[in-house]
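Asker:
There are 2 protein chains.
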Amino acid sequence: MGIDKILIIGGGLIGSSIARAAKKIGAVDKVYVSDKSYAVCRSIERLGFADGVSENSPEFYASEADLIVLCVPPGVMAAVAERIVPVMKRGSILTDVASIKGDIINKIAPLMNSEIHFVPGHPIAGTEYSGPEAGFAELFKDRWCVLTPDGADELAVETVKLFWEGIGSQVVVMDSVRHDIVLAATSHVPHLIAYALVGTAVDMEKVTNNEVVKFSAGGFRDFTRIASSDPVMWRDIFLANRDATLEVVDRFIEDLSALKRAIRWKDGDALLEHFAKTRDIRRRIVDAGQDSPEPNFGRDD
Amino acid sequence: MGIDKILIIGGGLIGSSIARAAKKIGAVDKVYVSDKSYAVCRSIERLGFADGVSENSPEFYASEADLIVLCVPPGVMAAVAERIVPVMKRGSILTDVASIKGDIINKIAPLMNSEIHFVPGHPIAGTEYSGPEAGFAELFKDRWCVLTPDGADELAVETVKLFWEGIGSQVVVMDSVRHDIVLAATSHVPHLIAYALVGTAVDMEKVTNNEVVKFSAGGFRDFTRIASSDPVMWRDIFLANRDATLEVVDRFIEDLSALKRAIRWKDGDALLEHFAKTRDIRRRIVDAGQDSPEPNFGRDD
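Residue numbers (the working numbering), protein chains in the order written: chain A, 2 to 302; chain B, 2 to 302.
1. Tell me which residue opens and which closes the beta strand (DSSP E) that K6(B) is part of.
2. Whole-angstrom Cβ separation of A245(A) and A185(A), contact assumed at under 8 Å?
3. Is DSSP giving T160(A) helix, strand or coil here?
4. Going along chain B in order, which residues have a C-beta closer than 7 Å to the C-beta of S229(A)?
5. Rounded to the nearest angstrom, how far is the Cβ of V34(A) from that of G13(A), given a contact under 8 Å?
6. Going along the chain, which residues of its own chain have a beta-carbon closer than 7 Å to the beta-carbon of W145(B), five neighbours each way excluded?
7. Can you grab the Cα-Cα spacing for the pair V158(A) / K24(A), in whole Å?
8. Return no unless some Cβ of chain A is closer than 8 Å to the Cβ of I254(B).
9. Determine the burial state of D62(A): buried for a count of at least 16 other Cβ atoms within 10 Å of its Cβ, exposed for fewer.
10. Mind checking the segment 183 to 195 of chain A against chain B and listing, in chain order, the residues whose C-beta falls within less than 9 Å of any C-beta there?
11. Using CA coordinates, which residue listed in A99(B), F239(B), L163(B) is at the minimum distance from F26(B)?
12. With 16 other CB atoms within 10 Å as the buried threshold, where does K207(A) fall?
13. Any beta carbon of chain B sitting closer than 8 Å to that of M205(A)?
14. If we call anything under 8 Å between Cβ atoms a contact, is M234(A) one with P74(A)?
15. Any C-beta of chain B within less than 7 Å: which residues of the segment 116 to 134 of chain A qualify?
16. According to DSSP, is C146(B) helix, strand or coil?
17. What are the boundary residues of the beta strand (DSSP E) that G122(A) is part of?
18. Spell out whether any CB of chain A is found under 8 Å from the CB atom of F221(B).
19. In three-state DSSP terms, what is G61(A)?
20. Does the separation of the CB atoms of S18(A) and G122(A) fall below 8 Å?
21. For G11(A), which option in I4(A), S38(A), A22(A) has the closest C-alpha, if you only look at C-alpha atoms?
22. Which two residues bound the contiguous alpha helix (DSSP H) that contains V172(A)?
23. Step through the CB atoms of chain A and report whether any lies within less than 8 Å of the CB of R84(B).
24. Determine the direct distance from the alpha carbon of I85(B) to that of N107(B), and round the result to whole angstroms.
25. Should the segment 285 to 296 of chain A be regarded as contacting the segment 210 to 224 of chain B, the criterion being three or more beta carbon pairs within less than 8 Å?
26. State buried or exposed for G127(A), treating a residue as buried only when at least 16 other CB atoms are found within 10 Å of its CB.
27. Measuring only between beta-carbons, confirm whether R261(B) sits less than 8 Å from chain A.
28. Judging by CA-CA distance, which residue of A40(B), V77(B), S229(B), K102(B) is the nearest neighbour of R243(B)?
29. Which value, in whole angstroms, describes the spacing of the CA atoms of F253(B) and H189(A)?
30. What does the Cβ neighbour count give for N211(A), buried or exposed, with the cut at 16 atoms within 10 Å?
31. Let me know the beta strand (DSSP E) ranges lying completely inside the segment 14 to 66 of chain A, each 3 residues or longer, listed in chain order.
32. Beta-carbon within less than 7 Å of S229(B)'s beta-carbon, same chain only, minus the 5 sequence neighbours each way: which residues are those?
33. Would you mind telling me which residues of chain A sit closer than 7 Å to S44(B), beta carbon to beta carbon, in chain order?
34. In whole angstroms, what separates the C-alpha of I69(A) from that of K261(A)?
35. For I264(B) and chain A, any beta-carbon pair shorter than 8 Å?
36. Go through its chain and collect everything with a Cβ distance to L272(A)'s Cβ below 8 Å, but skip five positions before and after it.
Shown next as structure tokens:
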């Protein structure tokens, strides 16, 4: 099944990037975008990558679309789905881009009917910026997109898979429970830690006369990048993936406490042993094409 | 006082970068490098940025040099200083690049005599790579270099300041105690957290079939960069800056625990308030020229 018309609901970084990619790289005929914000809709019209923009009425183009992609914050996805499902055309597909899958499936699957398909998805791509101006068509190139069909129609899954591959992604299918624990480790907890550390430093900044900013090149600046991601989205992610996040955070605190203990007891051998084992995974990430081998990510060139 | 001859002891990332910069950008006449490793010395000869290389004999060029820069791991700096101080020429200056200053001063200051000067320093620059091949002359450009003279001769301090400015750095003078707490927040604890989290993920990788590597673009890959820095150097830094590191880690764990609690109790407002306040510091770091404004550090271009 080909996709002639696509509706993106939520025109932020991810939604606007999918819209651009569908138009520029994918073989989609018409790309519609809906956003609840007046300003975002005007930006999208100005940027010119959509064939139609509907303000605060996700149902407007929903009856025309072959594929609808929910790109709103996870916390409001179910409410948006509730509005569009009744007008979706027979055989059309609903998908989403949320970084948690179990919670989204629990809330959206019950809203579906036998005429339409729901294929939950998650493109593992992004930047620290938000909004339609921040999007770009190549965002998903060589990045993974996870689909967690949990029993969805095979042809619908294949259609969504081909769509993501068409805009440059590699697609992997997995169970939603597994997705949520793996993403807790690779994305959610790293963000939570970054938000916590940047908060710690902001509080210290009050007594250090701008020195945290000045000397941030020593490592801290890296954390500020991911801690400047969209706050509403991250609030929703942590609340929706609560159990897996807390589980991985607790493992992390145990490991950090072991390092603290080694420092307190001046156990240099324990520190060295730990630090040596973490080099290998960096090389594997670079070898897998998931990061740049350039020193400092190449940013100081 | 000008510097005609400089001796760099330790030809790794930082030492070899200083040597290259002194030759290429600075106005230094002769650049000598000493390293205890046969392989490192041969690499430096091959790379051709030194006027002389001495293997495992830091004292060899020490009597000729106007400025000697200790670039060995912090844990062995005092032992190296003990070997070279007796042969240093009258009026010459010893400096270092260690990321901790109090501990280095405590160990090296007592070795000095009235004929020579010790000006402790710390260039806040680096990459995740190690060794002489990883160095480059522009590493210090637009980065801060902190000097913590703690009473050192003013003319000697001025000479070291001019040297760092000559290779592109901005120099700031501060108290060693303050340096160590500020660097604990901006560098040491961020590295400790990264090492801990990468360790946590490595352990989870054993049960997740390569998925941590595969999906690392969701945030985790950033942590692996700084967790692949030189293990010996970081062991020495944590042991030498033990009290400040533990103090800042404890603040961080308190802040992380508060976020954990908000997640457990589904307190979305508390999460949102925290996440919103951390965006501003990123902008300030970028405005201060200490990081790239490019999305994802520009690495995916």
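Glycine residues also receive a C-beta, built at the ideal position from the N, C-alpha and C atoms.
Answerer: Quick answer:
1. Sequence index remark: in the second sequence, residue 6(B) carries index 5 (1-based). Per DSSP, K6(B) belongs to the beta strand (DSSP E) from 6 to 10.
2. By one-based count along the first sequence, residue 245(A) stands at place 244. By one-based count along the first sequence, residue 185(A) stands at place 184. Confirmed, Cβ separation roughly 4 Å.
3. Locating residue 160(A) in the first sequence gives position 159, counting from the first residue. Three-state DSSP puts T160(A) in a helix.
4. The residue you call residue 229(A) lines up with position 228 of the first sequence. In chain order: T279, R280, R283.
5. As a working note, residue 34(A) is residue 33 in the first sequence. As a working note, residue 13(A) is residue 12 in the first sequence. Contact doesn't hold; Cβ gap of about 10 Å is too wide.
6. Along the second sequence, read from residue 1 onward, the residue named residue 145(B) stands at position 144. Hits under 7 Å: I125, S170, Q171, V173.
7. For this step, residue 158(A) is matched to residue 157 along the first sequence. For this step, residue 24(A) is matched to residue 23 along the first sequence. C-alpha separation (whole angstroms): 21 Å.
8. Here residue 254(B) refers to the residue found at position 253 of the second sequence. It does: the Cβ of I254(B) has a partner Cβ on chain A nearer than 8 Å.
9. As a working mapping, residue 62(A) is identified with position 61 in the first sequence. The amino acid at residue 62(A) is misidentified as Asp; the sequence shows Tyr. Flag for Y62(A) reads buried.
10. V183, L184, A186, T187, S188, H189, V190, P191, H192, L193, I194, A195
11. Stepping through the second sequence from its first residue, residue 26(B) is reached at position 25. The amino acid at residue 26(B) is misidentified as Phe; the sequence shows Ile. Nearest C-alpha to I26(B): L163(B).
12. Reading the first sequence from its first residue, position 206 is the one you call residue 207(A). Per the 10 Å Cβ criterion, exposed.
13. Here residue 205(A) refers to the residue found at position 204 of the first sequence. True, the Cβ-Cβ gap to chain B drops below 8 Å.
14. In the first sequence, the residue the question calls residue 234(A) occupies position 233. In the first sequence, the residue the question calls residue 74(A) occupies position 73. Taking 8 Å as the Cβ cut-off, M234(A) and P74(A) qualify as a contacting pair.
15. I125, A126, T128, E129, Y130
16. Along the second sequence, one-based indexing puts residue 146(B) at 145. Note: C146(B) maps to strand in three-state DSSP.
17. For the purposes of this step, residue 122(A) is taken as residue 121 along the first sequence, with counting starting at 1. Run containing G122(A): 122 to 124, per the beta strand (DSSP E) assignment.
18. If you number the second sequence from 1, residue 221(B) lands on position 220. Yes, its Cβ sits closer than 8 Å to a Cβ of chain A.
19. Counting from 1 along the first sequence, the entry for residue 61(A) is found at position 60. The sequence as given places Phe at residue 61(A); Gly does not occur at that position. DSSP places F61(A) in coil when its eight states are reduced to three.
20. Against the first sequence, residue 18(A) aligns to sequence position 17. Against the first sequence, residue 122(A) aligns to sequence position 121. Not closer than 8 Å, so no.
21. The count along the first sequence starts at 1 and reaches residue 11(A) at position 10. Considering only alpha carbons, the answer is S38(A).
22. Position 171 of the first sequence holds residue 172(A). No alpha helix (DSSP H) holds V172(A); the beta strand (DSSP E) holding it covers 171 to 174.
23. Taking the second sequence and counting its residues from 1, the one referred to as residue 84(B) is at position 83. Judged by the 8 Å Cβ criterion, R84(B) is not in contact with chain A.
24. Counting from one through the second sequence, the residue named residue 107(B) turns up at place 106. Counting from one through the second sequence, the residue named residue 85(B) turns up at place 84. Cα to Cα, the separation comes out at about 17 Å.
25. yes
26. Along the first sequence, read from residue 1 onward, the residue named residue 127(A) stands at position 126. Label assigned to G127(A): buried.
27. The residue labelled residue 261(B) in the question sits at position 260 within the second sequence. Note that residue 261(B) is Lys in the sequence shown, not Arg. Interface residue, yes.
28. Your numbering for residue 243(B) matches position 242 in the second sequence. When each option's Cα is compared against that of R243(B), the closest is K102(B).
29. On the second sequence, residue 253(B) is found 252 positions in, with the first residue counted as 1. On the first sequence, residue 189(A) is found 188 positions in, with the first residue counted as 1. Between F253(B) and H189(A), the C-alpha separation is close to 17 Å.
30. The count along the first sequence starts at 1 and reaches residue 211(A) at position 210. Burial call: exposed.
31. 31 to 36, 53 to 56
32. As a first step, residue 229(B) is located in the second sequence; it is residue number 228 there, counting from the start. The residues are E129.
33. Position 43 of the second sequence, counting from 1, holds the residue named residue 44(B). Result: empty, since nearest Cβ-Cβ is about 17 Å, beyond 7 Å.
34. On the first sequence, position 68 is the one that residue 69(A) refers to. On the first sequence, position 260 is the one that residue 261(A) refers to. Distance between the alpha carbons of I69(A) and K261(A) is about 49 Å.
35. Here residue 264(B) is taken as the residue at index 263 of the second sequence, counted from 1. At least one chain A Cβ lies under 8 Å of I264(B).
36. Position 271 of the first sequence, counted from the start, is the residue given in the question as residue 272(A). Cβ neighbours of L272(A) beyond the five flanking positions: L260, A263, I264.
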